[in-house]
Amino acid sequence: MTGLFLLLVATLWFVLATAIAYAIVRRTKHVLSRFAVALAAFFILFPLPLIDELTAKPHFEALCQEQAVLVLDNPGIQPRTVWFDAGVRTHFPIGLLDSTVYRKQYVEMATGRPVYHYSTVTATGGWLVRILKISESNSPLTFRSTCAPPELSNLRVWLRDHGITELPRPISN
9 MTGLFLLLVA TLWFVLATAI AYAIVRRTKH VLSRFAVALA AFFILFPLPL IDELTAKPHF
69 EALCQEQAVL VLDNPGIQPR TVWFDAGVRT HFPIGLLDST VYRKQYVEMA TGRPVYHYST
129 VTATGGWLVR ILKISESNSP LTFRSTCAPP ELSNLRVWLR DHGITELPRP ISN
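In terms of the numbering used here, the sequence shown opens at residue 9 and continues consecutively.
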C-alpha cells in the first residue's frame, strides 16, 4: 500500500514539475531554447523532494566506513569471558539529515577491562518521509538506513576465533 501511495506522490510531483517547467518557458519564442530551458528546469525541480537524502547519502556511507567497525581492544589475552557493559549513542549531522552512532562495549567479567566494542550507524529520512509519515522509523527512501560491521552477521564465529565467551549480565534488583 505504501508503494502505491509513493507512486501516486511521484506521479503528482512529475505532473507538477512539468507544469512549473512549462510555466517558466511559455513566453519564450525560440523553440530550441524553450525546450532546453524547460528540460533544465524539469531536471532541477524533479529531484527536489529528495535532495536532502541524495546529498546525505555520500556522508552516510563515509560515516559507515569510519564508524561501523568491530574492534578487539586487548588482543593479547585468551580465553576470556565477557558481558555487555554499556551502550553510548552519539548524534551526527550528515548533510541535512541526522544519524546516530550506537557503540556497544563488552568487558571482561573478572577485571572489567574492555575486550571488544562495535558500532552501528542509523540515519533518519528526509523531510518528505517525515511529512508523509510513510515510515515508522523515518527511514530514508534513497539508501539503507542502517549499517553495521560485516563481522556482526557471524559474531559467534568471530568470538570463538578470538577465544571469547559472551555471557548475559545478571539482573540485579
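Here a beta-carbon is modelled for each residue, glycine too, at the ideal position from N, C-alpha and C.
Counting along the chain, the unbroken beta strand (DSSP E) around T128 starts and ends at P122 to A131.
For the 9 Å CB-CB criterion, V17 and L140 form a contact.
Taking a C-beta distance under 9 Å as the contact criterion, R177 and W91 qualify as a contact pair. For the 9 Å CB-CB criterion, T154 and T128 form a contact.
Straight-line measurement puts the Cα of Y126 at about 50 Å from the Cα of V45. Between the C-alpha atoms of P101 and S107 there is a straight-line separation of about 6 Å. Listed as beta-bridge partners of K112 by DSSP are G95 and Y126.
Scanning the stretch 31 to 83 from its first residue to its last, the whole beta strand (DSSP E) runs of 3-plus residues come out as 78 to 80.
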